[in-house]
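Here my numbering = 1-based position in the sequence shown + 68.
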Amino acid sequence: MASEKYDPLAAVDPGRYNWRVKVRISRKWESIQKNTGNIKGCNIILVDDQNTRKHAFIGEAYLKKFDGSLEEGKIYIIQNFNVKPYTEKEKHMCFKDETHIYFSSYTQEFKYPSDDTLIPANVFGFYYIIELSGIANQNTYLIDVVGVVQNVEPPRHFINKNNEEQSYVKFDITDGSHCVKVTLWDGFGHTFYDDYTQFKEDPVILILSSCKANVWEKILSLSNYPATRYFFNYSHHSVNMLRARFRVCTLASDHTGTIGIILYDREVRRVIGHSVFEIECMQIQEGTSGKFPPLLLTQEKLSCIITLCLKRSQSQKKTNIFHAADLSITPKLECSSPTSGGDTYIKEQPSVSEGTVTQTSKQRGKNTPDTLRSTNKPKGKKKLVKKVRMVNLATDEDEDNEDIPLGMWNTQTDPE
């Protein structure tokens, strides 16, 4: 069978029916009639060895013949089928395409006896996040998006206008330059949340395939449809490109101590003014590939204000390594190290905004000490966090009102 010829999916058209393709079943889901709840057919996505994908539909009359024999991930020889162009009445096709395949009474399928590594498990056609506003609210096709997952909220339940119980999970995804909100509904959202909370890798890079872009009350967001699937840290070149973005580990100090802060792509680019790809090109030209970029070393001793993203997992692990949510450069700010004896200090009351805590730096002279901190006692050991405060990380007052004292975060003592 290896020597047999097959038609590429890119070549099939409505001109004939005796097509013969060798494909993998990439995805499979049922079409449900909303009014009755009855199954009206089965959808499948076919993928071939030329990285082409094509949607196929099995009508209700042929479900018994094919549905039980076609398995996701398996390779089949499928022949004698109809190819039809999409019409204007057909909405929310699982990806943008001109035609799709219809199984009929004379369609035949044969399971391929072995695997074929040339046929990928999935094929995607990604849109950049910056492009989404231009295609939002169109109902013709669904889209694929990839990005780093941030700010995942637990499932929330409500009663809709039809007196039916619904739920949703909200989070953000970012490509390092732009961010978009995501809302996953009902059981799909619950499954996502369960899988996400059990996923151990960091960062989590998400592929959200066949999702819908919407603009509601001037806010761009993505949501799920029956065709939607998600993949965490999937083996794909687009995921690898996101991994190749900046992720710089730093030590940040003030007079109270030192913590580790991880800066991501947006914050690093804001400081050095170059993308990771530009840095790689520079190193190739200079013959320094594989070495730590010297341009990053020039930013040591930089004075800045960093917004930290505080996660509950950090309090449970008692770690003193934090993730930067935002960074602003302040050239005039004096930021002394713990051993420098400088007088820069951290303001007592941190400001809280949607899951982040920003500690604002302020400068004062040596002759005007802060009343709460002035003392005649000899200096002892210093802690990063001197006072326990209750910080509510929830965004709504009626849900998830778990107060987390800053004292739960790992505090290090520095010898005088």
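In this text, a Cβ means the ideal position worked out from N, Cα and C, and glycines have one as well.
Values in this document were obtained by computation on a predicted structure and should not be read as measured data.
Am I right that residue i and residue j are in contact with their C-beta atoms under 8 Å? What's the rounded C-beta distance?
| i | j | result |
| --- | --- | --- |
| I169 | L138 | Not a contact, Cβ separation roughly 13 Å. |
| F390 | I329 | 5 Å |
| L276 | F300 | No, L276 and F300 are not in contact; Cβ-Cβ is about 11 Å, not under 8 Å. |
| N219 | D240 | 5 Å |
| T251 | K238 | 5 Å |
| V214 | S94 | In fact, because the Cβ distance is near 17 Å, the residues do not count as touching under 8 Å. |
| Y130 | S99 | Not a contact, Cβ separation roughly 13 Å. |
| E140 | K102 | Their Cβ separation, rounded to whole angstroms, is 24 Å, which puts E140 and K102 out of contact at 8 Å. |
Compute the distance between the beta-carbons of residue i and residue j, then report whether it is under 8 Å.
| i | j | result |
| --- | --- | --- |
| S289 | K249 | yes |
| N282 | N190 | no |
| G136 | G109 | no |
| I352 | L370 | no |
| P294 | Y261 | no |
| Y195 | I203 | yes |
| T20 | P153 | Within the shown structure, residues of the chain are numbered from 69 to 484, placing residue 20 beyond reach of any answer. |
| I227 | E233 | yes |
Tell me which same chain residues have a C-beta within less than 7 Å of the C-beta of residue i, skipping the five on either side of it?
| i | result |
| --- | --- |
| Q176 | Q147, N148 |
| R338 | L395 |
| Y63 | The question about residue 63 has no answer here: the residues shown for the chain are numbered 69 through 484. |
| R334 | G244, S245 |
| Q266 | none |
In terms of alpha-carbon separation, which member of the options lies closest to residue i?
| i | options | result |
| --- | --- | --- |
| E199 | P188, D212, N207, T208 | D212 |
| F360 | V344, T375, L378, S371 | V344 |
| V316 | C349, N119, P362 | P362 |
| N119 | G83, F192, T167, S357 | F192 |
| T185 | H342, R92, T356, L331 | R92 |
| H123 | N106, T104, S173, D81 | D81 |
| I327 | Y195, R334, T318 | T318 |
| D116 | V89, T104, I107, G105 | V89 |
| E158 | M309, N207, P181 | N207 |
| G358 | Q367, L364, T366, E348 | E348 |
| Y258 | E346, Y298, E72 | What sits at residue 258 in the sequence shown is His, not Tyr. Per the Cα distances, Y298. |
| R84 | T366, N150, E354 | N150 |
| T366 | V336, Y74, H304, N308 | V336 |
| R311 | D322, F125, D270, T155 | D270 |
Report all residues from its chain with a CB closer than 6 Å to the CB of residue i; omit the five preceding and five following residues, and keep chain order.
| i | result |
| --- | --- |
| H246 | I197, I198 |
| T296 | S278, C279 |
| K133 | none |
| H225 | S235 |
| K179 | Y144 |
| W284 | none |
| H304 | none |
Near residue i, what residues of its chain come up, given a Cβ to Cβ distance below 8 Å and the 5 sequence neighbours on each side ignored?
| i | result |
| --- | --- |
| A79 | none |
| V272 | V216, V217, Y264, F300, N301 |
| Y209 | H160, M161, C162, F163, K164, D165 |
| A320 | T326, I327, G328, I329, I374 |
| F256 | N292, T296 |
| N86 | Q147, N148 |
| I287 | K249 |
Heavy atom of the ligand NAP less than 7 Å from the Cβ of residue i, yes or no?
| i | result |
| --- | --- |
| E348 | As far as ligands go, the structure on display features none, and thus does not contain the ligand NAP. |
ask   = For the segment 130-188, which segments carrying the alpha helix (DSSP H) assignment without a break, of at least 4 residues, lie completely within its bounds, in sequence order?
value = 131-134
inquiry  = Please give me, in chain order, every unbroken run of the alpha helix (DSSP H) with length at least 4 that falls completely inside the segment 298-336.
reply    = Considered as a whole, the segment 298-336 harbours 305-311 as its complete alpha helix (DSSP H) runs of no fewer than 4 residues, in chain order.
ask   = Which whole runs of the beta strand (DSSP E) in the segment 188-233 are 3 residues long or more, in chain order?
value = 211-218, 224-227
inquiry  = So within the segment 74-141, which uninterrupted beta strand (DSSP E) runs reach at least 3 residues, ignoring any that extend past its ends?
reply    = 88-100, 107-115, 121-127
inquiry  = Please give me, in chain order, every unbroken run of the alpha helix (DSSP H) with length at least 4 that falls completely inside the segment 238-271.
reply    = 254-266
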